[in-house]
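Single-structure report; data block below.
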Amino acid sequence: MHRFASLTLAMLMLLALTAGCSNPADDAPDAAVTEPAAVETPAGGGTAFALTPESKIEFVGAKVTGTHDGGFNAFTGSIDLVDGEPTKSTVMIEIDTDSIWSDDDKLTGHLKSDDFFDVANFPTSTFTSTSIVADGELYQVTGNLDLHGVTKSITFPATIQAAPDQVTAQAEFSIKRFDFGIEYKGMADNLIRDEVLIRFDLMAKPGA
């Protein structure tokens, strides 16, 4: 009887750990990840836009017991807007990984370590678009993401609005950190999810 009770308790604990809290990334579309694509030289003739300070690049990571919000405070980006048409245009973003923040100071320090972003060895992360395709009211954005020393092509849906004086873009999607060699699993009783929710809200102005 005692052995049966112990086994039952162990099974309940395992189920609790497996279920855990929900992962916000489950509610977002998964970015398609493939090997990096060739980056073509922009044809030129477009209008140069630069990201403004209002822009945000954020993420939500999840583990068995909860979630953590985070993001980056320092990044630059440029958009070459051709004929006012996003599908003819290109985007480049460079992130200072040491500017990472989270909702917990101790976690922020850990995220900078070699368990995660390893900012000492990989001080920047970049995204360079290779194609932008209209998809109904959205756009499918494809580009090479260089993160943690690994480069992959990712495709995700985004809302883009382009005007002569301003370009805005918003997106929310998930990526798998294991695809980029960030494989720290966490504690045995508090495992960290592979999927991470990425969201951004970008604004760019001509010559900003």
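Everything in the sequence shown is counted per my numbering, starting at 40 for the first residue and increasing by one. Backbone N, C-alpha and C define an ideal beta-carbon position, used for all residues, glycine too. Note that the structure is predicted; figures quoted are calculated from it, not measured.
Open item on the list: Taking the straight line between their C-alpha atoms, what separation do you get for K191 and V130?
Closed with: Here the question's residue 191 lines up with position 152 in the sequence shown. Here the question's residue 130 lines up with position 91 in the sequence shown. Rounded to whole angstroms, K191 to V130 spans 16 Å at the Cα level.
Open item on the list: Can you find the residues in the same chain that come closer than 7 Å, C-beta to C-beta, to A173, ignoring five residues on each side of it along the sequence?
Closed with: Working through the sequence shown from its first residue, we reach residue 173 at position 134. Counting only Cβ-Cβ distances below 7 Å, and skipping sequence neighbours, we find T126.
Task: Rounded C-alpha distance that separates V72 from A64 - done: Reading the sequence shown from its first residue, position 33 is the one you call residue 72. Reading the sequence shown from its first residue, position 25 is the one you call residue 64. Distance between the alpha carbons of V72 and A64 is about 15 Å.
Open item on the list: I'd like to check one pair, I171 with V158: are the Cβ atoms closer than 7 Å?
Closed with: Reading the sequence shown from its first residue, position 119 is the one you call residue 158. Reading the sequence shown from its first residue, position 132 is the one you call residue 171. Cβ atoms of V158 and I171: not closer than 7 Å.
- [ ] Measure the Cβ-Cβ separation of A67 and S213 and say whether it is below 7 Å.
- [x] Residue 67 sits at position 28 when you count from the first residue of the sequence shown. Residue 213 sits at position 174 when you count from the first residue of the sequence shown. Yes; because the gap between Cβ atoms is below 7 Å, this pair is in contact.
Task: Three-state class that DSSP yields for P125 in the structure shown - done: As a position in the sequence shown, residue 125 is number 86, starting the count at 1. Strand, per DSSP.
- [ ] Could you name the residues that DSSP lists as bridge partners for E211?
- [x] Counting from 1 along the sequence shown, the entry for residue 211 is found at position 172. R238, per the DSSP bridge assignment.
Task: Minimum C-alpha distance to F111 - residue among P245, L241, E124 - done: Indexing the sequence shown from 1 puts residue 111 at position 72. Nearest option by C-alpha distance: L241.
Task: Bridge partners - A101, DSSP secondary structure assignment - done: Within the sequence shown, numbered from 1, the residue matching residue 101 stands at position 62. Beta-bridge pairing links A101 to T106.
Open item on the list: For a test of the three-state rule: what should DSSP assign to S94, helix, strand or coil?
Closed with: Position 55 of the sequence shown holds residue 94. It is coil, neither helix nor strand.
Task: Run of the beta strand (DSSP E) containing K191, from where it starts to where it stops - done: For this step, residue 191 is matched to residue 152 along the sequence shown. K191 -> beta strand (DSSP E) spans 189-202.
Task: Segment contact flag, the stretch 224-234 with the stretch 143-150, C-beta cutoff 8 Å, min 3 pairs - done: no
Task: Pairwise C-alpha distance: D204 and A87 - done: Sequence index remark: in the sequence shown, residue 87 carries index 48 (1-based). Sequence index remark: in the sequence shown, residue 204 carries index 165 (1-based). Distance between the alpha carbons of A87 and D204: 11 Å.
TODO: Just mark Y223 as buried or exposed, buried being the case when its beta carbon has 16 or more other beta carbons within 10 Å.
DONE: Taking the first residue of the sequence shown as 1, we reach residue 223 at position 184. Answer is exposed; the Cβ neighbour count stays below 16.
Task: Limits of the unbroken beta strand (DSSP E) element including T147 - done: To locate residue 147, count along the sequence shown from 1; it is residue 108. That residue, T147, is in no beta strand (DSSP E); its alpha helix (DSSP H) goes 144-151.
Task: For F61, three-class secondary structure by DSSP - done: Position 22 of the sequence shown holds residue 61. Checking the displayed sequence, the identity of residue 61 turns out to be Ser instead of Phe. Residue state, collapsed to three classes: coil.
TODO: Mark N62 as exposed unless 16 or more other C-beta atoms lie within 10 angstroms of its C-beta, in which case mark it buried.
DONE: As a working mapping, residue 62 is identified with position 23 in the sequence shown. Its Cβ being crowded by 16 or more others within 10 Å, N62 is buried.
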